[in-house]
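Numbered per full-length UniProt numbering, the sequence shown spans residues 1 to 358. Using N, Cα and C, we set each Cβ at its ideal position, and we do this for glycine too. Everything numeric in this text was worked out from a predicted model, so none of it was measured.
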Amino acid sequence: MSALSGPRAPKSGPGAARPAATMREVAALAGVSIKTVSRVVRGEAGVSPELTTRVTEAAAMLDYRHNLAASTLRGRGQKTAAIGLVLLDVANPFAAAVHRAVEDFAHGRGTLVFAVSSDEDPDRQREVLEALLSRRVDGLVVMPVGTDHRVLLHEQMRGTPVVFVDRAPESAEFDSVTADNREGARRAVEHLAAQGHRRIAYLGDLHTIQTAAHRCAGYVEGLARTGIPLDPSLIHTDLHSPEAAATAAESLLTRPDRPTAVFSAQNLITTALLRTIGKHHLNHDIALVSFDDLPLADLITPPLTAITQDPTRIGHAAAELLFARLDGDTSPPQHRVIPTQLIPRGSGEIPARGPDRR
1 MSALSGPRAP
11 KSGPGAARPA
21 ATMREVAALA
31 GVSIKTVSRV
41 VRGEAGVSPE
51 LTTRVTEAAA
61 MLDYRHNLAA
71 STLRGRGQKT
81 AAIGLVLLDV
91 ANPFAAAVHR
101 AVEDFAHGRG
111 TLVFAVSSDE
121 DPDRQREVLE
131 ALLSRRVDGL
141 VVMPVGTDHR
151 VLLHEQMRGT
161 PVVFVDRAPE
171 SAEFDSVTAD
181 NREGARRAVE
191 HLAAQGHRRI
201 AYLGDLHTIQ
211 TAAHRCAGYV
221 EGLARTGIPL
231 DPSLIHTDLH
241 SPEAAATAAE
251 SLLTRPDRPT
261 AVFSAQNLIT
271 TALLRTIGKH
281 HLNHDIALVS
291 FDDLPLADLI
301 TPPLTAITQD
311 PTRIGHAAAE
321 LLFARLDGDT
331 SPPQHRVIPT
341 QLIPRGSGEI
351 PARGPDRR
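Right under this line is the structure:
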């Protein structure tokens with residue numbers, strides 16, 4: 001059977017590769033020369049609309065992607081010795097630490113890492129993925145946006161291994177590495193309750209973000225385990241900007257029945273909250289536990305108590321899974337959960353005072 005006489009049947013397993021279509025195959029199906037195909041995919045002028053349509057349709061039928069990195073492949077087989085890393089924001093301290101861990105692991109394998117930001121935007125994620133894939137990266141480590149992962153699943157079926165990091169897929173089709181977000185949030189609430197607090201507020205990111213949803217669930221579970229009634233007025237979610245977080249913090253700290261403790265479920269929210277606490281001179285009155293640490297957290301007054309993730313371990317585990325796939329591992333997808341740690345420094349140990357004290 002010729003290469004064009006039937007569809008390629010995908011192999012099973014996340015590490016199995018399906019041969020990518022070649023320019024020669026596109027040319028054969030379209031009935032044109034390889035040079036014509038090259039001119040069309042490069043967007044060069046001088047090709048008739050009819051031939052352009054034939055080439056475009058043939059490329060779509062064969063699921064052909066133009067290889068911008070073709071010149072780098074000579075002498076390397078089909079490997080580019082490069083992987084893609086899609087982060088939410090490369091400037092975020094957590095993401096930066098994951099980036100460094102992936103890069104260090106890849107360096108040991110003689111592989112470059114191309115890191116890009118998706119900005120929590122599905123459209124931008126599609127754009128940066130296309131840019132990375134057009135350069136034929138050997139694999140992808142992705143902090144995914146949303147729940148529609150068809151593009152990534154399609155690429156994995158084409159032979160590009162994909163590992164999710166920080167957020168797990170809704171289905172078990174990808175390898176993934178996450179922190180234990182729910183357990184960490186529950187521990188934060190139980191820690192504050194142990195200091196006598198009954199009015200514990202929650203500040204969190206978008207409820208549509210998986211990690212934020214798990215942390216909110218852990219907060220609710222922590223209240224239930226310590227016998228504290230749930231007060232919806234103390235819960236502020238969907239705080240996806242410093243301004244939104246500052247507004248929520250201001251409303252909490254200026255109400256007559258303000259909370260005596262706050263669990264901040266994201267490090268950038270914590271920064272805005274700390275500014276508001278300082279503005280109202282409540283540093284030693286409001287107990288605070290942050291999910292994720294901050295740079296120089298021990299120099300804050302009082303030093304910041306935090307539920308810390310281990311981004312270095314998370315990034316290392318993600319890279320380890322990816323390179324195992326690149327080495328030919330076709331076992332079922334794995335999900336690794338990295339434990340969190342409570343670091344008491346002072347802000348989370350401020351005791352409840354007055355009538356709130358049990």
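Three-state secondary structure (DSSP) at V163? In the structure shown, the three-state DSSP call for V163 is strand.
DSSP puts Y202 in a beta bridge; with which residues? I235, F263
Return the chain-ordered list of same chain residues with a C-beta closer than 8 angstroms to the C-beta of R54, the five sequence neighbours on each side being excluded. A30, G31, V32
Do you know offhand how far E170's Cα is from V163's? 13 angstroms
Taking the alpha helix (DSSP H) that V102 belongs to, which residues open and close that run? For V102, the enclosing alpha helix (DSSP H) has its first and last residue at 93 to 108.
Considering only residues of the same chain and omitting the five flanking positions on each side of I307, which have a CB-CB separation below 6 angstroms? G184, A188, F291, T340, L342
If you follow the beta strand (DSSP E) that H214 is in, where does it begin and where does it stop? Where H214 is concerned, there is no enclosing beta strand (DSSP E), although the alpha helix (DSSP H) it sits in stretches over 210 to 225.
Taking just the CA atoms, how far does Y219 sit from R225? 10 angstroms
Selection from T254, R258, L288 that minimises the alpha carbon distance to I269: L288
Starting from the Cα of I200, find the closest Cα among D285, D166, I209 and give me that residue. D285
Tell me whether L321 is buried or exposed, calling it buried when 16 or more other Cβ atoms sit within 10 Å of its Cβ. That one is buried.
Tell me which residue opens and which closes the alpha helix (DSSP H) that I314 is part of. 311 to 326
DSSP state of A81 mapped onto helix, strand, coil: coil
In terms of DSSP beta bridges, what is H335 paired with? S176
Would you grab the beta carbon distance between P295 and S347 for me? Rounded to a whole angstrom, and I think it's under 8 angstroms. With a Cβ gap of about 15 angstroms, P295 and S347 do not count as contacting.
Name the DSSP bridge partner or partners of L273? Paired residues: none, contrary to the question.
From which residue to which residue does the beta strand (DSSP E) around S290 run? 287 to 291
Which residue marks the beginning of the beta strand (DSSP E) containing T305, and which one marks its end? Counting along the chain, T305 sits inside the beta strand (DSSP E) bounded by residues 305 to 308.
With a CB to CB cut of under 6 angstroms and the five nearest residues on each side skipped, what residues in its chain are close to A59? V26
Using the rule of at least 16 other Cβ atoms within 10 Å of the residue's Cβ for burial, across every protein chain shown, is residue 425 buried or exposed? The requested residue 425 does not occur in the structure, where the chain is confined to residues 1 to 358.
How would you label T254, buried or exposed, when you count the other beta carbons within 10 angstroms and need 16 or more for buried? exposed
Let me make sure I understand the geometry here. Which of P49, D231, A45 has the alpha-carbon closest to that of R198? D231
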